[in-house]
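In my numbering, the protein residues as written are 161 to 513. Here's the structure, in structure tokens; my notes come after.
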Ligand code: SAH
Ligand code: SF4
């Protein structure tokens, strides 16, 4: 690591948005614990400058500005709105990289922030546009937390969080754990564990760690194929953590947290939609409490798969139901702004640092 990236790390580490109230007090050597809570609460309300923290004494506001420079480390660069209501934002990071986050509203009025955990992703799933970027770097806990803060303050209250943006959240578990702890805090956003979902390509040791040590949020596995040979091809991580091990880890997770596990299934026309695929899916689901989330493949640059038609999607959903499994279909949200699943990708170093 060169000198510059060392400094960069320290800057990230010192971001105030990932600190808990008691840590804010510790860092600033404050004796009155309520001050930590007040500052924490302002930050998670999305305040832009320490100066505007009206119930904090001036000397303390000055100290904050000296120690942290700003309440947030990331900036809102661009906003794109789809006619269906989906909002996609691009966020600038302090080192010049950028990530994307999406706000989705469903028919029940649930407003879900889909947030990124990494710049790019190392897993290389063949059908995913983020995968084509490779891994640039992990996001810090602050950079994860601030995506939510920005969506919540700029576009109205957000009720749910899914770690389904760019990157593999379980490959950046420490930062994701910290972000969840901060999101849950009663003096801040106060989001319950049941309203947060981690989506993973199936990193077995990390699923087991979550089962044993928590936090127990909702779990989604990106399955896409339950046929080992096909999954090994589509999702190379499957060779390292084979399906039977992933299933065992999910079973442990379900023992610890009894909610249904979502199996995300990206429907690739002519690839994973045959009867034998449904049979394999049925076998994989056996012994687990699951719901299958059928996601139509979203085409992206250089991705060589075919998009299923609405009819193909209905047909597959019917077959899965006939096999006795619960199924939901993901709406094609945010298509016109590339804000749908697997379409998140950013070009590098767009901004100057
Ligand atoms: N890395 C994590 C979370 C981010 S991917 C994971 O893989 O679970 C979020 C979801 O988008 C995953 O379920 C993934 O299977 C899906 N996805 C990826 N590429 C897609 C594409 N081109 N079309 C539709 N869904 C896609
Ligand atoms: Fe990474 Fe998830 Fe995309 Fe696979 S599907 S490349 S794990 S972001």
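Beta carbons: idealized from backbone N, C-alpha and C, even for Gly. This one's a predicted model, so the numbers in the text were calculated from it and none came from an experiment.
Sequence-distant partners of residue 354 (beyond 5 residues in either direction) whose C-beta falls short of 6 Å from its own C-beta are missing from its chain. Of the heavy atoms belonging to the ligand SF4, none sits nearer than 6 Å to the Cβ of residue 384.
Assignment of residue 274 by DSSP, reduced to helix, strand and coil, places it in the strand class. Remark: C-beta atoms of residue 282 and residue 321 do not approach each other more closely than 7 Å. Annotation: residue 177 is outside any alpha helix (DSSP H) and is labelled neither H nor E by DSSP. Comparing alpha carbon positions, the residue from 333, 304, 385 closest to residue 454 is 385. Of the candidates 440, 447, 458, 465, 440 places its Cα closest to the Cα of residue 479. Rounded to the nearest angstrom, the gap between the Cα atoms of residue 288 and residue 295 is 13 Å. Within the chosen limit of 6 Å, the ligand SF4 reaches the beta carbon of residue 285 through at least one heavy atom.
Counting along the chain, no beta strand (DSSP E) covers residue 438; the unbroken alpha helix (DSSP H) around it starts and ends at 435 to 445. Between the ligand SAH and the CB of residue 315, the shortest heavy atom gap is not smaller than 6 Å. In this structure, residue 235 has its beta carbon at no less than 6 Å from each heavy atom of the ligand SAH. DSSP places residue 329 in the helix class (H, G or I) of the three-state scheme. Closest in C-alpha terms to residue 318, from the list 253, 307, 414, comes 307. In the structure shown, the three-state DSSP call for residue 419 is coil. Here the distance from the Cβ of residue 424 to the nearest heavy atom of the ligand SF4 is not below 6 Å. Taking C-alpha positions only, residue 421 is separated from residue 247 by approximately 27 Å. The continuous alpha helix (DSSP H) containing residue 184 extends over residues 181 to 188. Counting other Cβ atoms within 10 Å of its Cβ, residue 460 reaches 16 or more and is therefore classed as buried.
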